[in-house]
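Structure, as structure tokens:
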Amino acid sequence: MKNKMTMFELNEKYSACPVRVSEYEIDGKKYVVHSHFIGNKDIDKVISEIAFNKAISETLNKVA
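Under our numbering, the first residue of the sequence shown is numbered 834, with each subsequent residue one higher.
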């Protein structure tokens, strides 16, 4: 059986991580999104992958 953490335990574990709160209104209904940043990413790798995938997509769509 998997070890599930409670919300309290998750809050304690990631309390030092940055959080961003954003509010959105869609069709007159207000939504509040709490984004918790708990991992690390190599921004160079991410941008390179996005650029490569976009270039491949654009190239293949022009050929087809």
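Here a beta-carbon is modelled for each residue, glycine too, at the ideal position from N, C-alpha and C.
Exercise. Give the straight-line distance between the Cα atoms of D875 and E891, rounded to the nearest whole angstrom.
Key: Mapped onto the sequence shown, residue 875 falls at position 42. Mapped onto the sequence shown, residue 891 falls at position 58. Distance between the alpha carbons of D875 and E891: 25 Å.
Quiz item: From which residue to which residue does the alpha helix (DSSP H) around K846 run?
Solution: Here residue 846 refers to the residue found at position 13 of the sequence shown. Residues M840 to K846.
Quiz item: Excluding sequence positions up to five away, which residues of its chain have a Cβ less than 6 Å from the Cβ of E858?
Solution: Within the sequence shown, numbered from 1, the residue matching residue 858 stands at position 25. Around E858: no qualifying Cβ.
Quiz item: Is K898 helix, strand or coil when you go by DSSP?
Solution: In this structure the chain extends from 834 to 897, so residue 898 is not present and cannot be described.
Quiz item: With respect to the beta strand (DSSP E) encompassing I859, which residues constitute its N-terminal and C-terminal limits?
Solution: Counted from its first residue, the sequence shown places residue 859 at position 26. Element bounds for I859: V852 to I859.
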